[in-house]
Amino acid sequence: MGVCYNFNIALATEKHPDDIDAQELCIESLSLAVGCDHDLAHATAPLNSIEVLSREPMVMLNTNYALRRHIDSFCFNNNIKLTIAMEATSVSLITDVVRLGRLATILPDVICSAQPRLHQIPMTPELPRHIISLFFRKNAYKSPATFAFGQLASNLTSTQCRTKHF
46 MGVCYNFNIA LATEKHPDDI DAQELCIESL SLAVGCDHDL AHATAPLNSI EVLSREPMVM
106 LNTNYALRRH IDSFCFNNNI KLTIAMEATS VSLITDVVRL GRLATILPDV ICSAQPRLHQ
166 IPMTPELPRH IISLFFRKNA YKSPATFAFG QLASNLTSTQ CRTKHF
């Protein structure tokens with residue numbers, strides 16, 4: 046017997062299909078992160094994000110990930126050419142590489158702040174934010190478990206995400 050899922054969790058784009066309802070969970074900020082031995086590790090004043098992102102070698106999620114495509118879109122819109130030294134499919138691998146080496150990365154604040162020996166670099170202009178949402182089919186049956194999960198997800202993200210509205 047197959048399992049039927051009534052929802053999806055994803056990064057929201059400005060527009061989604063008309064037959065889909067979205068429940069916004071949080072707006073998540075992104076940070077440039079480096080390891081303790083990186084030259085930028087002790088920057089206190091905000092750095093120019095366009096200059097820094099154009100010159101720093103990066104380790105990033107590969108382009109199969111919505112987060113990476115979101116960052117690539119930001120870079121394209123700001124004429125930034127990232128220097129991708131390494132791509133990975135694991136956030137834990139990326140944080141290990143950054144902690145132990147001289148590469149930088151861009152990850153959600155909540156991930157960066159939870160990782161020991163990672164430094165979040167203040168940037169101006171700020172890196173883009175992204176919206177994390179639950180998606181449901183409009184007019185589809187939503188089981189009590191689906192409603193309960195939506196409430197649980199909303200409660201958890203309200204404590205984990207720094208919800209900042211644009």
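In my numbering, the protein residues as written are 46 to 211.
A virtual CB, placed ideally from N, CA and C, is assigned to each residue, including glycine.
Since we're looking at a predicted model, the values are computed, not measured.
The secondary-structure analysis by DSSP pairs residue 174 across a beta bridge with 74. Residue 169 is bridged by DSSP to 93.
Checking the DSSP bridge columns, you'll see residue 101 has no partner listed. Comparing alpha-carbon positions, the option among 198, 202 and 107 lying closest to residue 190 turns out to be 198. Per the coordinates, the alpha-carbon of residue 144 lies some 21 Å from the alpha-carbon of residue 116. A straight-line Cα-Cα distance of about 34 Å links residue 125 and residue 201.
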